[in-house]
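Asker: Residue numbers (the working numbering): 1 to 422.
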Amino acid sequence: MITARSTELFAKAKTLMPGGVNSPVRAFGSVGREPLFIAGSHGDRITDADGNEYTDYVCSWGPDILGHAHPAIIEAVKRACDSGLTYGACHEGEVILAEKIKAHFPSMEMLRLVNSGTEAVMSAVRAARGYTRRDRIVKFAGCYHGHSDGLLVKGGSGLITGSIPDSAGVPAALTENTLLARYNDPDSVQALFERCPDSIAAVIVEPCAANMGVVPPKDGFLKALRDITEKYGAILIFDEVITGFRLSAGGAQELYGIKPDMTVLGKIVGGGMPLAAYGGKREIMENVAPLGAVYQAGTLSGNPIATAAGIAQITETERIPDLYGELDRKTAVLEAAARSAGLNVNRCGSLMTVFFTDTPVTDYETAMTADRNGYARFFAYLLDNGIYAAPSQFEAMFVSYAHSDGDIAKTAEIIAHYRKEN
Ligand code: HOZ
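1) Any idea what DSSP makes of residue 399, helix, strand or coil?
2) Rank 42, 57, 68 and 132 by C-alpha distance to the C-alpha of residue 287 and give the top, closest one.
3) Would you say residue 170 and residue 149 are within 7 Å of each other, going by their C-beta atoms?
4) Could you tell me which uninterrupted beta strand (DSSP E) segments, each at least 3 residues in length, are contained entirely in the stretch 196-263, listed from first to last along the chain?
5) Let's test the definition: count the other Cβ atoms within 10 Å of the Cβ of residue 62 and tell me whether it reaches 16, buried, or not, exposed.
6) Between residue 43 and residue 276, what straight-line distance do the alpha-carbon atoms span, to the nearest angstrom?
7) Which residue marks the beginning of the alpha helix (DSSP H) containing residue 352, and which one marks its end?
8) For a quick check, are the C-beta atoms of residue 88 and residue 307 less than 7 Å apart?
9) Run the CB neighbour count on residue 48, radius 10 Å, all protein chains shown included, and call it buried at 16 or more, exposed below.
10) Tell me the DSSP secondary structure of residue 331 in three-state form.
11) Name all residues in chain order for which at least one heavy atom of ligand 1 lies closer than 6 Å to the residue's CB.
12) How is the alpha helix (DSSP H) around residue 372 delimited, first residue to last?
13) Just checking my contact of residue 443 with residue 50 at CB under 8 Å: how many whole Å lie between their CB atoms?
14) Is residue 139 helix, strand or coil by DSSP?
15) For residue 141, which of 409, 394 and 407 has the nearest alpha-carbon?
16) Among the candidates 39, 103, 82 and 12, whose CA atom is the shortest distance from the CA of residue 315?
17) Return the bridge partner residues of residue 104 from the DSSP annotation.
18) In three-state DSSP terms, what is residue 59?
19) In three-state DSSP terms, what is residue 151?
20) In terms of alpha-carbon separation, which member of 367, 352 and 353 lies closest to residue 359?
21) Which residue wins for smallest C-alpha separation from residue 309, given the options 262, 272, 151 and 354?
22) Enumerate in chain order the residues of its own chain whose CB-to-CB distance from residue 231 is below 8 Å, with the five nearest sequence positions on each side excluded.
23) What residues in its chain sit with their C-beta under 6 Å from that of residue 130, if we drop five residues either side in the sequence?
24) Return helix, strand or coil for residue 361, following the three-state DSSP convention.
25) Near residue 127, which residues of its chain fall below 8 Å by C-beta distance, leaving aside the five closest residues on each side in sequence?
26) Taking the alpha carbon of residue 290 as the reference point, which residue from 116, 68 and 112 has its own alpha carbon closest?
27) Please confirm whether any heavy atom of ligand 2 lies closer than 6 Å to the CB of residue 123.
28) Going by CA-CA distance only, name the one from 246, 270 and 325 that's closest to residue 311.
29) I'd like the list of long-range same chain contacts for residue 34, defined as Cβ closer than 8 Å, with 5 residues on each side in sequence excluded.
30) Would you grab the beta carbon distance between residue 391 and residue 379 for me? Rounded to a whole angstrom, and I think it's under 8 Å.
31) Can you round the beta-carbon distance between residue 206 and residue 258 to whole angstroms, since I take them to be within the 8 Å contact cut?
32) Quick test of the definition: if touching needs 3 or more C-beta pairs under 8 Å, does the stretch 241-255 touch the stretch 346-364?
33) Assign residue 86 to one of three DSSP states: helix, strand, or coil.
34) Roughly how many angstroms separate the alpha carbons of residue 80 and residue 399, rounded to a whole number?
35) By how many angstroms is the C-alpha of residue 396 removed from the C-alpha of residue 53?
This is how it looks when you write it as structure tokens:
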């Protein structure tokens, strides 16, 4: 496979951007290859700058649930562009999208549109602190909630991948109110509340973790978080940036039947454009400016092009009968193939990770037993067979509705023939 143009672009990019990239994991650093530069995408395929085509299981880290360049979304964006790119003022698209989000996530009685998951989480935590008048928050080791200072503590995604669980450049004073608990271990949360019964504002969790690889919640874990936060008057925040509109139309909260106080959405909700949302109980959100004293703002928040893409994508998902059953069925084929090759798989709906460890992965510690070199070999094998998977052991494979049965079968066959000793 010739990748000369990608190599050339990467060489230039490295002189211009740290590591040659605008987000760390895409540098392919942990899989020992050079990144591919993508020139185009369509359906379940991406094409690199040298014209090589791959079946894509990254799907832009989740947003492309209907596949790349979905005609209805592209059309909606083009139409919106004709009316201008940004107003910095109110417009109807914001209202339509907010209404749609609320219809699927009734726990989001009021919400705000922002530009990225990082911004949404940062704002949700601030709203929770403002409402409760408490400073501490609880997060789980291995969960990733974007790159705001207070949440860069034992984070997943690029932080685990790059072995920098606690980022440099974050003053200790900004993380001293971040308490760490163990995923899937309600006792670790209970213990923190017993130590600080009156000062924890919120517990933030990925209801199905997907940034230390996919780690589904054990039975009763989310319910225990609901009970503990209720008992101590703290806010339960579900970070559904990945799981929202992916595990079901109403996200993990609908799938698992647990209602959080606040929710953060990103990725799918923006249809591939930079858009995210945070929201929750009306009494919490009424503290956000201009109604209340919790400040958060943004010139591009609720941008008309991004809202047009989000509305179009959600509308399309609503039109597909049994979308989530289909995604589950397709991903189950890949799971079965990986198991037949003797691989250790975690899957939740259309999210899946093959872990190179014999230990069942249920939290950060067990995820860390995975052999990164083993994953790097698997990644290289897939890439050389025309399959583009996450370039890190600690991310998810994303399956979209555009993945054809033929491509799924082909991928399954390739995975089934993988030998760990390769
Ligand atoms: N945070 C995203 C994955 N969970 C993006 C990773 C990257 O591009 O560095």
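We treat Cβ as the ideally placed atom computed from N, Cα and C, and that holds for glycine.
Answerer: Put simply:
1) Indexing the sequence shown from 1 puts residue 399 at position 399. In the structure shown, the three-state DSSP call for residue 399 is coil.
2) The residue labelled residue 287 in the question sits at position 287 within the sequence shown. When each option's Cα is compared against that of residue 287, the closest is 132.
3) Indexing the sequence shown from 1 puts residue 170 at position 170. Indexing the sequence shown from 1 puts residue 149 at position 149. Cβ distance < 7 Å, so residue 170 and residue 149 count as in contact.
4) List check, beta strand (DSSP E) in window: 200-205 and 235-239.
5) Locating residue 62 in the sequence shown gives position 62, where the first residue counts as 1. Taking all protein chains in view, the Cβ of residue 62 is crowded by 16 or more other Cβ atoms within 10 Å, so the residue is classified as buried.
6) Along the sequence shown, one-based indexing puts residue 43 at 43. Along the sequence shown, one-based indexing puts residue 276 at 276. Distance between the alpha carbons of residue 43 and residue 276 is about 23 Å.
7) Taking the sequence shown and counting its residues from 1, one reaches residue 352 at position 352. Careful: residue 352 lies outside any alpha helix (DSSP H), inside the beta strand (DSSP E) at 351-355.
8) Looking up residue 88 in the sequence shown gives position 88. Looking up residue 307 in the sequence shown gives position 307. No, the Cβ-Cβ distance between residue 88 and residue 307 is not below 7 Å.
9) On the sequence shown, position 48 is the one that residue 48 refers to. Under this definition residue 48 is a buried residue.
10) Numbered from 1 along the sequence shown, position 331 holds the residue referred to as residue 331. Residue 331 falls in the helix class under three-state DSSP.
11) Residues flagged by the Cβ proximity filter: 23, 24, 25, 26, 61, 157, 158, 211 and 395.
12) As a first step, residue 372 is located in the sequence shown; it is residue number 372 there, counting from the start. Here the alpha helix (DSSP H) through residue 372 covers 372-384.
13) Residue 443 lies beyond the stretch modelled for the chain, which goes from 1 to 422, so this question has no answer here.
14) Taking the first residue of the sequence shown as 1, we reach residue 139 at position 139. Here residue 139 carries a strand assignment [DSSP, helix/strand/coil].
15) Counting from one through the sequence shown, the residue named residue 141 turns up at place 141. Ranked by Cα distance from residue 141, the options 409, 394 and 407 are led by 394.
16) Within the sequence shown, residue 315 is the residue found at index 315, counting from 1. The shortest C-alpha separation from residue 315 is found at 103.
17) In the sequence shown, residue 104 corresponds to position 104, counting from 1. Among the bridge pairs identified by DSSP, residue 104 is matched with none.
18) Counting from one through the sequence shown, the residue named residue 59 turns up at place 59. In the structure shown, the three-state DSSP call for residue 59 is helix.
19) Here residue 151 is taken as the residue at index 151 of the sequence shown, counted from 1. In this structure, DSSP gives residue 151 a helical state, which the three-state scheme calls helix.
20) The residue you call residue 359 lines up with position 359 of the sequence shown. Selected option, being the one with the closest Cα: 367.
21) Counting from 1 along the sequence shown, the entry for residue 309 is found at position 309. Across the set 262, 272, 151 and 354, the C-alpha of 272 shows the shortest separation from the C-alpha of residue 309.
22) By one-based count along the sequence shown, residue 231 stands at place 231. Within the same chain, residue 231 has close Cβ partners 193.
23) Here residue 130 corresponds to residue number 130 of the sequence shown, with the count starting at 1. Cβ neighbours of residue 130 within its own chain (closer than 6 Å, five residues either side excluded): 287 and 294.
24) Numbered from its first residue, the sequence shown carries residue 361 at position 361. Secondary structure of residue 361 (DSSP, three-state): coil.
25) The residue given as residue 127 occupies position 127 in the sequence shown. 262, 278, 280, 284, 285, 287, 288, 294 and 296.
26) Here residue 290 refers to the residue found at position 290 of the sequence shown. Of the listed residues, the one whose Cα sits closest to residue 290 is 112.
27) Of the ligands this structure carries, namely ligand 1, none is ligand 2.
28) Taking the sequence shown and counting its residues from 1, one reaches residue 311 at position 311. The residue among 246, 270 and 325 with its C-alpha nearest the C-alpha of residue 311 is 270.
29) Reading the sequence shown from its first residue, position 34 is the one you call residue 34. Excluding positions up to five away in sequence, the list reads 3, 6, 7, 10 and 28.
30) Residue 391 sits at position 391 when you count from the first residue of the sequence shown. Residue 379 sits at position 379 when you count from the first residue of the sequence shown. Rounded to the nearest angstrom, the Cβ distance from residue 391 to residue 379 is 6 Å, consistent with a contact under 8 Å.
31) Here the question's residue 206 lines up with position 206 in the sequence shown. Here the question's residue 258 lines up with position 258 in the sequence shown. Wrong, their Cβ atoms sit about 13 Å apart, outside the cutoff.
32) Contact between the stretch 241-255 and the stretch 346-364 is present: three or more C-beta pairs spanning the two stretches fall below 8 Å.
33) As a position in the sequence shown, residue 86 is number 86, starting the count at 1. Under the three-state reduction of DSSP, residue 86 is assigned to coil, being neither helix nor strand.
34) The residue labelled residue 80 in the question sits at position 80 within the sequence shown. The residue labelled residue 399 in the question sits at position 399 within the sequence shown. Each residue's Cα considered, the two are about 28 Å apart.
35) On the sequence shown, residue 53 is found 53 positions in, with the first residue counted as 1. On the sequence shown, residue 396 is found 396 positions in, with the first residue counted as 1. In this structure, the alpha-carbon of residue 53 lies about 21 Å from that of residue 396.
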